[in-house]
Every structure is written in C-alpha cells, then in structure tokens.
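Everything below concerns the one structure shown next.
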Amino acid sequence: MPQPGFSADDYVNPEAPEEELRLKPDHPRVRDRSYDCSRRAQELDLWKKSLVAIVMEPWDAYPDLAAIPENAKPGPSLMLFVKERRRGPGYVADFVYKAADLPVTVHGILVNQGAGLGVIELELWRPDWGYWDSFGDFVWPSENDVPSTVSVPITSDVLRRIPLGQIVARAQAELADQSWKDEGVTTLTLGQPQDSSGPELAPESVQALENANALSQPTQRGRPPLEEELLRRVAHAYLREAINGPGLHRRLAQLFDRPEPTIKDWIKAARQRGYLSPAVPGRRAAGPGPLLSHAEDGPRTPSA
Numbered sequence: 031m032p033q034p035g036f037s038a039d040d041y042v043n044p045e046a047p048e049e050e051l052r053l054k055p056d057h058p059r060v061r062d063r064s065y066d067c068s069r070r071a072q073e074l075d076l077w078k079k080s081l082v083a084i085v086m087e088p089w090d091a092y093p094d095l096a097a098i099p100e101n102a103k104p105g106p107s108l109m110l111f112v113k114e115r116r117r118g119p120g121y122v123a124d125f126v127y128k129a130a131d132l133p134v135t136v137h138g139i140l141v142n143q144g145a146g147l148g149v150i151e152l153e154l155w156r157p158d159w160g161y162w163d164s165f166g167d168f169v170w171p172s173e174n175d176v177p178s179t180v181s182v183p184i185t186s187d188v189l190r191r192i193p194l195g196q197i198v199a200r201a202q203a204e205l206a207d208q209s210w211k212d213e214g215v216t217t218l219t220l221g222q223p224q225d226s227s228g229p230e231l232a233p234e235s236v237q238a239l240e241n242a243n244a245l246s247q248p249t250q251r252g253r254p255p256l257e258e259e260l261l262r263r264v265a266h267a268y269l270r271e272a273i274n275g276p277g278l279h280r281r282l283a284q285l286f287d288r289p290e291p292t293i294k295d296w297i298k299a300a301r302q303r304g305y306l307s308p309a310v311p312g313r314r315a316a317g318p319g320p321l322l323s324h325a326e327d328g329p330r331t332p333s334a
C-alpha cells in the first residue's frame, strides 16, 4: 500500500527541516485514545462495517414495557458485532456485555480455530476515566454522568461474575441461526431501518454472515463415526485372522497399527453396523454380516 501523504497542516512546524518534521499530537496517526474519558469511542467503532445482533436486552424479562415494576432491576445486555473485515484466522465476532452488578463493560472477541467457539481476547472497560489535558487541567465527566460503580475496584469476585459460558452459548445460538437467508436482515440507510434479503446484501456482508454461521455450528461431542470403508476392512481382516486361533486382537492390532482396545471398539462397531454377524453366546468368532454377504466377502485364508 502507498504511504500516506501529509500536508503542511499536519505538522507542528511545517518549516522545520525534513528530518525534524513532527506530526501534531492530535493528528489521527499519532493521537492516543487511551486518554479518552471512556471507551465510548472504541465501542462506537465496533459499529463500523459490522453486522449487529442484539442477543440480550436489559428488559427481556418484561415483554410489556409499560408493566415494569418500579423496583425492577435491568438485566444484562449482550450485543454481537460481526466485522466485515475479519480480525484473523477463525474470527467470528466481537461482543459487548453489560450488567448492572458489574463495574465494567466486558468486550471480547469470539473465534473458532478448530476447537469450537471460544473467547480469545477479553477487555474490561471502566465506565469513565479522567486524564490530564495539554493545558495541565484534569478532565473528568460531570458528576451526573459518572456511574456509582466507577470507583469499585476489579476483584476476583468481579471476574467470577462475568458469565463467559453463558455469553459463548448465547452467541453461538444466535450466530449459528441461518434464518437471515430467508428473512433477510435490517439495515440502516440514512438512519432509517430497511429490510434487506440475501441477494440485496453487499457481498462483504453475505460473506461475513456465512463465515459466522459456519464457525458457530456446535461441535460434535464424542468420537466421530467410523468410516464405512474402515469397518469393511476391519471385517475382512477379522474373518481372515479368526481361523488362525487365539491372539486375534493382537494380530489385528499389529496389522492396523492400533492398540488392542481400539481394535475391540472397531470390531464392536463392525458388528453393530452389519459388517460382522452379531455376537453369539458361547461362540467367540463372528461370521460375515449382511453387508458382507457376498461370497467374495467370506473368510479368506491369509496369503503367504
């Protein structure tokens, strides 16, 4: 990419020699946002080029907002931001979680790098923060804007109350939903919400949604099912070796280069799937199952 070009207005002293030119401290290339009064600018940036899903709202427990009791407390909120420009391999979405009993806003990044959906990065934002400006004055939000939790320190108890498991579960359920393909999504055009279906969405938006859908599918629990071809080979080998007497499992373990417990599991699966006959009480060996019923699939004498 070409280097950005600067004009005289970008420098503190545009008349200085080239090696002494310095960009103004408030220039977008060098300004330090860590001195902002809050993380609101960072939170607003999440909306840029993002597909946004509101998963949890503070008053979800009260469908009729007109009937909220006076002493009711708002629940937590959870928003997902699927950035069209992915942050890296396995990126799925950003999230922002807020709760009345937490002194911080929780920002995190969800990824799936082969082990299922999980949080790879977590930030805790204070509601507001002060700083010293260039004139030596301390800048602080007005007292009316400062939440009472701003002075509460982050303790191990606060960390335990961040429900990461619930956040991941709710995010996965939302992101894995593919109803947008039929129902479309709501986009903002000149500040007005409009419904857009799949063909009308920008290619970047469609790609981001499809990527989030794919990476958010629940991972399969337990061992993956054995392939049919493997079970067929196990059945053939079993029938060939069974006529050679004791030591069947040991010989098969050597043939397939697997531990004997694994071989026993494979034989059991071959029985259950129909490649070997069911076990008969008092008889150790098995015959061909329904899927090995042809003559060519019968017992064979091992070749020399």
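Residues in the sequence shown are numbered from 31 upward in steps of one, following the working numbering. We put the beta carbon where it would ideally sit given N, CA and C, even for glycine.
Query	Result
DSSP beta-bridge partners of residue 84	109
Cα-Cα separation between residue 289 and residue 304, rounded to whole angstroms	23 angstroms
Cβ pair count under 8 angstroms reaching 3, the stretch 87-107 against the stretch 124-138	yes
When 145, 91 and 79 are compared against residue 117, the one with the closest alpha-carbon	79
Buried or exposed (CB count within 10 angstroms, at least 16 for buried), residue 237	exposed
Top-ranked residue by Cα proximity to residue 270, from 259, 316 and 150	316
Meets three-Cβ-pair contact criterion under 8 angstroms: the stretch 205-212 and the stretch 237-248	yes
Cβ distance (whole Å) where residue 82 is taken to contact residue 111 below 8 angstroms	6 angstroms
Own chain, CB closer than 7 angstroms to residue 283, minus 5 neighbours either side, in chain order	289, 290 and 293
Bounding residues of the beta strand (DSSP E) (the contiguous stretch that carries residue 125)	121-128
Residue 81: CB within 7 angstroms of a non-hydrogen atom of the ligand MN	Within the structure as shown, the ligand MN is missing, as the structure has no ligands at all.
Spatial neighbours of residue 153 in its chain, beta-carbon cut-off 6 angstroms, leaving aside the 5 residues before and after	137
Same chain, Cβ closer than 8 angstroms to residue 148, neighbours up to 5 away in sequence not counted	140, 141, 142 and 198
Length of the line joining the Cα atoms of residue 92 and residue 99	9 angstroms
Assumed close pair residue 38, residue 47 - CB separation to whole angstroms, cut-off 8 angstroms	Not confirmed; about 14 angstroms, so no contact.
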